[in-house]
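A short write-up of the structure that comes next.
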Amino acid sequence: MSATTLELGKKTFAKTFGSEAEGFIQTVNGMAPGLGDFIVEAEFGNAYNRPGLDLKTRELVILASCATLGSTGLGAVGMHIPAALAAGATREEIVEVFVQLSFAAGMPTALAALEAAKTAFDKLDGKPA
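Position 47 of the sequence shown, counting from 1, maps to 253 under the working numbering, and the rest follow consecutively.
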């Protein structure tokens, strides 16, 4: 594990997810020592900082990918929606990603992702769950 790449990953992770970033790392490291750091270094230190895609596009790709995982990925969908918005995506673009999935991944997958998006949007708007 490169200290430099890990530090870059922590900065990118914090920029992307705000105050929840450090808690995530600690929680995952508490369940599996070192795994949180590994995730942050590999995903946010390396993959997120590759050339070729801007952060908004990366977040939209991640939303589509996580949605196709079904119930396993819906938590990540909810986690990445605020990150996608912070990266410049609009709510309409996020919804359209999931509409497009209805053809590639099936209507039930798209509907589940849209429900996760509605929950995330409601939370951001301060509406009760």
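C-beta atoms are modelled at their ideal positions from N, C-alpha and C, and glycine is treated no differently.
Rounding to the nearest angstrom, what Cα-Cα distance links residue i and residue j in this structure?
i	j	result
residue 221	residue 263	16 Å
residue 322	residue 293	19 Å
residue 287	residue 260	16 Å
residue 275	residue 269	10 Å
residue 243	residue 237	12 Å
residue 284	residue 239	25 Å
residue 230	residue 267	21 Å
With a threshold of 16 other CB atoms inside 10 Å of the CB of residue i, please say whether the residue is buried or exposed.
i	result
residue 332	exposed
residue 279	buried
residue 309	exposed
residue 311	buried
residue 265	buried
residue 210	exposed
Please report whether the beta-carbon of residue i lies at a distance below 8 Å from any beta-carbon of chain B.
i	result
residue 252	Going by chain labels, chain B is absent from the structure shown, which holds only one protein chain.
Terminal residues of the continuous alpha helix (DSSP H) containing residue i?
i	result
residue 304	297-310
residue 333	From DSSP, residue 333 is part of no alpha helix (DSSP H); its letter is neither H nor E.
residue 234	226-237
Once the 5 residues before and after residue i are set aside, which same chain residues still bring their CB inside 6 Å of it?
i	result
residue 215	246, 247, 250 and 251
residue 218	250 and 254
If I measure Cβ to Cβ from residue i and keep anything under 7 Å in the same chain, skipping five residues before and after, which residues do I get?
i	result
residue 224	none
residue 304	273, 316, 319, 320 and 323
residue 227	219 and 220
Excluding five sequence neighbours on each side, which residues of the same chain lie with their C-beta closer than 8 Å to the C-beta of residue i?
i	result
residue 301	320 and 323
4-residue-minimum alpha helix (DSSP H) runs that sit fully inside the region 239-306, ordered along the chain: Correct list: 241-245, 261-273 and 280-292.
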